[in-house]
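For reference, the structure discussed in these notes is given below.
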Amino acid sequence: MNIDKAKSSLDKVLRVVSILAIVAILFAVWFSIQFAKSKTKKEFDQRQIYFNETHSKFNVNWANHAYWKNNQTDEHIYECSSILNKDQVTYQLIVQLNKEQFNDQFNVKTKNTERPDLYEVVKYTTKQIATTNPRMPMYAVHQYFLNSNALVLHKYNYNGISENGNCSKSMFNTKSILTLNYDSYIDYEGIGKKVLPKDVLVADQLPYSLRALLFSDTLKVKMDILENQASPVVGDLRVYHAVVSVSASDAQTWTVQVMLDKQKENTYVFEKEYPNTLISMHTWDGNTMQLSK
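Residue numbers (the working numbering): 243 to 535.
Below is the structure:
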């Protein structure tokens with residue numbers, strides 16, 4: 243009799259312990275999810291510090307437009323030209339915009355969409371697909387922007403091949419600071435790392451980020467812009483204190499002039515209709531892009 247009572251009491255104790263263990267496990271899972279979410283939000287908040295004084299001139303939520311509900315990809319081909327050894331060479335670029343989900347643990351496109359630390363990015367790809375000059379450096383650039391902020395360059399990857407050798411560059415945004423890692427074939431450059439000044443846009447990102455301007459005929463904004471990095475050299479990493487101004491070209495387009503300094507001006511023309519596709523670009527050093535299809 244006492245043995246049966248003891249077994250019954252032990253069973254009750256085990257059931258209670260099991261229930262408490264399950265509750266503890268569920269709480270641990272819930273807490274882990276909440277912590278991951280809060281960590282991700284904290285990281286976003288730190289990244290949003292970027293360009294506080296510039297935000298008022300931009301629609302930082304540009305990528306959250308209803309357009310993307312039916313279009314996960316936006317792709318165009320451009321006829322381009324550049325100056326190579328004082329000669330003008332022509333080539334084609336394919337430009338793609340894609341929406342992707344990243345996870346905060348690895349900051350790459352996630353395979354597991356049930357994770358609690360997911361966030362959306364816009365992947366902006368420029369890839370050379372044809373050239374008339376075999377000596378023209380071939381390259382591809384992948385830039386990733388926070389879906390919640392069109393100004394924030396989250397990640398950057400460049401891979402270039404030239405007759406002098408290969409070059410790769412990568413940038414990552416950590417607490418609003420971009421760090422450039424590079425592997426260059428050029429003497430006195432080699433393999434290295436540079437920390438860029440805070441609140442700097444990269445010239446490569448302008449065909450994307452300028453789409454998010456709050457376009458008007460009177461708009462002017464000052465920005466610090468790092469020279470173009472889609473190049474097989476690292477260079478001086480010069481930062482220009484630029485002035486950006488907007489004017490209406492006609493009923494369908496906006497013209498954006500980026501005055502890097504008194505002698506250097508870049509011009510971009512965008513469609514007024516969302517997604518504000520880049521129609522053309524002309525830079526001070528002879529680079530051009532013209533929308534083909």
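C-beta atoms are modelled at their ideal positions from N, C-alpha and C, and glycine is treated no differently.
Three or more beta-carbon pairs drawn from the stretch 365–382 and the stretch 390–409 are found closer than 8 Å, and the two stretches are therefore classed as touching. In this structure threonine 495 is in contact with lysine 514, their Cβ atoms being roughly 6 Å apart against a cut-off of 8 Å. Under the DSSP definition of a beta bridge, methionine 523 partners with Tyr510, Met531. Residue nearest to serine 487 within the set Val476, Met465, Gln447 is Met465 (criterion: CA-CA distance). The closest CA to that of valine 476, considering only Lys462, Asp503, Gly434, is found on Gly434. Separation of asparagine 349 and histidine 307 (C-alpha to C-alpha, rounded to the nearest whole angstrom) is 23 Å.
Distance from the Cα of phenylalanine 414 is smallest, within the candidate group Leu388, Asp478, Asp359, Tyr427, for Leu388. Taking the Cβ atoms as the reference, threonine 296 lies roughly 7 Å from leucine 393, within the contact range of under 8 Å. Every unbroken stretch of the alpha helix (DSSP H) spanning 4 or more residues and falling wholly within the stretch 284–363 is given here in chain order: 309–312.
Nearest in C-alpha terms to asparagine 327, of all of Asp527, Ile319, His318, is Asp527. In the DSSP assignment, serine 489 falls within the beta strand (DSSP E) that extends over 481–490.
Rounded to the nearest whole angstrom, the C-alpha separation of threonine 421 and phenylalanine 300 is 24 Å. When secondary structure is reduced to three states using DSSP, leucine 452 falls in the helix class. With fewer than 16 other Cβ atoms inside 10 Å of its own Cβ, histidine 483 counts as exposed. Within the stretch 394–477, the complete beta strand (DSSP E) segments at least 3 residues long are 395–404, 407–416, 419–425, 433–437, 442–444, 462–468, listed from N- to C-terminus.
Counting along the chain, the unbroken beta strand (DSSP E) around tyrosine 386 starts and ends at 380–388. In this structure, isoleucine 336 lies near isoleucine 371, with their beta-carbon atoms less than 7 Å apart. Annotation: phenylalanine 457 to lysine 311 spans about 23 Å, alpha carbon to alpha carbon. Taking C-beta atoms as the reference points, glutamate 321 and glutamine 471 fail to come closer than 7 Å. Taking leucine 461 as reference, the option from Gln314, Gly407, Asp441, Gln499 with the minimal CA-CA separation is Gln499. Following the DSSP letters along the chain, one finds glutamine 499 inside the beta strand (DSSP E) bounded by residues 495–503. With fewer than 16 other Cβ atoms from the protein chains shown falling within 10 Å of its own Cβ, valine 437 counts as exposed.
Only exposed fits tyrosine 430, as fewer than 16 other CB atoms lie within 10 angstroms of its CB.
The C-beta distance from alanine 454 to tryptophan 304 rounds to 4 Å, short enough to fall under 8 Å. The beta carbon of threonine 374 sits closer than 8 Å to the beta carbons of Val331, Thr332, Tyr333 from its chain, once the five residues preceding and following it are set aside; these are given in chain order. A direct Cα-Cα distance of roughly 4 Å separates valine 481 from leucine 468.
Close CB contacts of lysine 351 within its chain, under the 8 Å cut and outside five residues either way in sequence, are with Glu342, Gln343, Phe344 (chain order). Excluding five sequence positions before and after valine 511, the CB atoms of its chain that fall closer than 8 Å to its own CB belong to Ser491, Thr495, Trp496, Thr497, Val498, Leu520, Ile521, Ser522, Met523, given in chain order. Here threonine 367 is bridged, per DSSP, to Gln338, His384.
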